[in-house]
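Residue numbers (this note's numbering), protein chains in the order written: chain A, -13 to 244; chain B, -13 to 244.
Glycine residues also receive a C-beta, built at the ideal position from the N, C-alpha and C atoms.
Remember, predicted model here, so these are calculated numbers, not experimental data.
Written below as structure tokens is the structure these notes are about.
Protein chains: 2
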Amino acid sequence: MNKPKQNTLFVGSLAKGLRLLKAFDETHTELSLAGLAEITGLDKSAVQRLANTLHVEGMLEKDPVTRRYRPSHAWLRLAYAYYWSDPLIARAMPKLIDLAQRLGETVNLGQLSDEYIIYAVRLPCTRTHFAASVPGRRVPALSTSAGQAILATHSPADCAAAIRDWHLHAHTPQTTVDRAAIAEQIETARAEGYAITHNQMILNEIGIACAVRGPDGRAWAAVHCSVSSHHWDDARIRQDILPWLQDTANAISPQMRV
Amino acid sequence: MNKPKQNTLFVGSLAKGLRLLKAFDETHTELSLAGLAEITGLDKSAVQRLANTLHVEGMLEKDPVTRRYRPSHAWLRLAYAYYWSDPLIARAMPKLIDLAQRLGETVNLGQLSDEYIIYAVRLPCTRTHFAASVPGRRVPALSTSAGQAILATHSPADCAAAIRDWHLHAHTPQTTVDRAAIAEQIETARAEGYAITHNQMILNEIGIACAVRGPDGRAWAAVHCSVSSHHWDDARIRQDILPWLQDTANAISPQMRV
DNA sequence: CCAAGATATATCATATAATGATATGTTAGA
DNA sequence: TCTAACATATCATTATATGATATATCTTGG
């Protein structure tokens, strides 16, 4: 039917099965066969067989009464395997815990994943919206302080390309969609060594981030702190949060050769 | 070749692909083709095709130099989808955050998953071992305070069957492997309304848990707190932790019909 | 309460697409 | 440099996934 990839070492049935898994997100928390068929673009029969297989294999929960499918606990186990596989997580975790306790504010570890920042670790210290309290959320990198702090460590060329090409999405009316303005913010971040954003993902939210640099000086992750503008202003953030944040980011960064 | 399940609505290729995903865990953080073949029991060619497919579809990262495969960020996104799909998580999260802040100790939400407790939410407030700081870990239910608190809400028959049949694993030299002793502990939990365990997963660790009951009175989840026996004894736990823990568990439990 | 529409489940002949053996290319270690 | 282990590529074969269709079941509105 569709032949999107190279042949003979690409197993289409497996790829289709993965489409079912990826169909679930914030807005699709449980799906019927028909719903799955619509989202994935697969025909009824295929969805039936694939969903049944995933159910038998423990990857999909099935409500016996509504017959709808939901993600299973296996999805959490995969995340657990991820955490062990990424050495950065193990190095960062104890320091992030200390930081969160010291600040009393929500602390995150954001990682660059293509054009997006994915929050791999979240340590919420205060009630926030749900999306900010569970790991795995993915948001456009340009709109986040973490993304800006990371990009500020990349070469000017890579950085410019990112500012030009990467996706943007106005989560709030005040989300910065002007790419020139974003370029300026990143330049500031390059000069100052940290990034601050306002009202990007949600109103009255201030994000502040310091990059976790690799041995070559470039960063692929950032320590990030999210606070409410009701309780904090930029001056106090710079005074009471920034120093600890920078220390933590530096401590996580692997030692450079002297 | 192998025909383990019913036919015609079971897609073998998809099931095999899932075997590759499940091959990764604490001890297998990155795997070569040969390693994957060994763990999954699939032949070289199958592993080659399936791994390539998972890589192309973004489910496996591939180190260009070692040619080894690792879990990708997509695994975290699946967890994110899970969190949205489980209504208990949304209800529990803000209350767990409050509890963790109040206690200053690590707070977890454990859910019963077959014979195991899977820690869906972890809010570490103090440095612990890595396994206890990231969500998704699965441990035998009988060995955890969360599992005992949950089982104590089930019918005596179900409870007895669980104590008889469920898997046990001695994570420490002091892990309780005597099923009669576990039965007693669960009876105590039934009477007291909470469960306490010592040195089950790691030495010098005290676990305390209160069940989150459903509308029918039975529980499938528990709020759990893990503290060090160096800093806490049972008396102080009962006085300074237990009341808050119980309040939180009750607040998460859906209202019963009056 | 019943009928109509939607949705889930089951069946089956057909050819596509997965299979696994083999061959070639590449890396790492002695 | 040679050798062993591993990764990648190729290909004929048929087993396996496919999707159309038929039946059962649930849901909804009159």
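Practice item. Take the Cβ of residue 73 of chain A as the centre, count every other Cβ of all protein chains shown within 10 Å, and call the residue buried at 16 or more, exposed below. Key: exposed
Check your understanding: If we ignore side chains and look at the alpha-carbon of each, how far apart do residue 222 of chain B and residue 0 of chain A end up?
Key -> 53 angstroms
Review point. If you count every other CB in all the chains shown that lies within 10 Å of the CB of residue 2 of chain A, and 16 or more means buried, which is it?
Key: buried
Point to revise | Contacts of residue 133 of chain B in chain A (Cβ-Cβ under 9 angstroms) | key: Neighbours of residue 133 of chain B on chain A: none; closest Cβ ~14 angstroms, over 9 angstroms.
Review point. Considering only the beta carbon of each residue, do residue 43 of chain B and residue -5 of chain A sit closer than 7 angstroms?
Key: no
**Study point:** Start-end ranges of the beta strand (DSSP E) lying completely within the segment -6 to 52 of chain A, minimum 3 residues
**Key:** 46 to 48
Point to revise | Boundaries (first-last residue) of the alpha helix (DSSP H) holding residue 68 of chain B | key: 60 to 71
Practice item. Give the straight-line distance between the Cα atoms of residue 126 of chain A and residue 21 of chain A, rounded to the nearest whole angstrom. Key: 27 angstroms
Practice item. Could you check what DSSP says for residue 80 of chain A in three-state terms: helix, strand or coil? Key: helix
Review point. Does residue 187 of chain B get closer than 7 angstroms to chain A when you measure Cβ to Cβ?
Key: no
Exercise for review: Examine the ligand MN and report whether any of its heavy atoms sits within less than 6 angstroms of the Cβ of residue 39 of chain A.
Suggested key: The model depicted lacks the ligand MN and carries no ligand whatsoever.
Review point. Does any residue of chain A bring its CB to less than 7 angstroms from the CB of residue 38 of chain B?
Key: yes
Practice item. Consult DSSP for residue 176 of chain A and reduce its assignment to one of helix, strand or coil. Key: helix
Exercise for review: Grab me the residues of residue 197 of chain A's own chain with a C-beta within less than 6 angstroms of its C-beta, minus the 5 sequence neighbours each way, in chain order.
Suggested key: 135, 136, 139, 205 and 208
Practice item. Could you name each continuous beta strand (DSSP E) segment of 3 residues or more that falls completely within the segment 198 to 236 of chain A, going from the start of the chain to the end? Key: 205 to 214
Exercise for review: Report yes if the C-beta distance between residue 79 of chain B and residue 215 of chain A is below 7 angstroms; otherwise report no.
Suggested key: no
Practice item. Answer yes or no: do residue 168 of chain A and residue 128 of chain A have a C-beta to C-beta separation smaller than 7 angstroms? Key: yes
Review point. Where residue 12 of chain B and residue 100 of chain B are concerned, what is the direct C-alpha to C-alpha distance, given to the nearest angstrom?
Key: 20 angstroms
Check your understanding: Run through DSSP, which three-state label would residue 147 of chain A get?
Key -> helix
Check your understanding: Comparing alpha-carbon positions, which option in A:17, A:195 and A:179 lies nearest residue 67 of chain B?
Key -> A:17
Review point. For residue -12 of chain B, which residues from the same chain have a beta carbon less than 7 angstroms from its beta carbon, with the 5 sequence-adjacent residues on both sides left out?
Key: Bear in mind that the predicted position of residue -12 of chain B carries a pLDDT of just 34, short of 50, making it too unreliable to give a figure here.
Practice item. Can you pull the chain B residues whose beta carbon is under 9 angstroms from the beta carbon of residue 231 of chain A, in chain order? Key: The contacting residues do not exist; residue 231 of chain A stays about 18 angstroms from chain B at best.
Exercise for review: Indicate whether at least one CB of chain A lies closer than 7 angstroms to the CB of residue 98 of chain B.
Suggested key: no
Exercise for review: Tell me whether residue 63 of chain A is buried or exposed, calling it buried when 16 or more other Cβ atoms sit within 10 Å of its Cβ.
Suggested key: buried
Review point. Which first and last residues belong to the alpha helix (DSSP H) in which residue 134 of chain B is found?
Key: 131 to 137
Check your understanding: What did DSSP end up calling residue 171 of chain A once you bin it into helix, strand or coil?
Key -> helix
Check your understanding: Does the beta carbon of residue 173 of chain A sit closer than 7 angstroms to a beta carbon anywhere in chain B?
Key -> no
Check your understanding: Checking contacts by CB at 7 angstroms: is residue 63 of chain B closer than that to chain A?
Key -> yes
Review point. Can you pull the DSSP bridge partners for residue 184 of chain B?
Key: B:192
Practice item. Taking only beta carbons into account, state which residues of the segment 213 to 231 of chain A come closer than 9 angstroms to chain B, listed in chain order. Key: none
Check your understanding: Under the three-state reduction of DSSP, which class applies to residue 124 of chain A: helix, strand or coil?
Key -> strand
Practice item. May I ask which residues mark the beginning and end of the beta strand (DSSP E) holding residue 163 of chain A? Key: Careful: residue 163 of chain A lies outside any beta strand (DSSP E) and carries neither H nor E.
Check your understanding: Near residue 145 of chain A, which residues of its chain fall below 6 angstroms by C-beta distance, leaving aside the five closest residues on each side in sequence?
Key -> 137
Point to revise | Length of the line joining the Cα atoms of residue 115 of chain B and residue 233 of chain A | key: 22 angstroms
Review point. How would you label residue 163 of chain B, buried or exposed, when you count the other beta carbons within 10 angstroms and need 16 or more for buried?
Key: exposed
**Study point:** Beta-carbon gap between residue 65 of chain B and residue 45 of chain B smaller than 7 angstroms
**Key:** no
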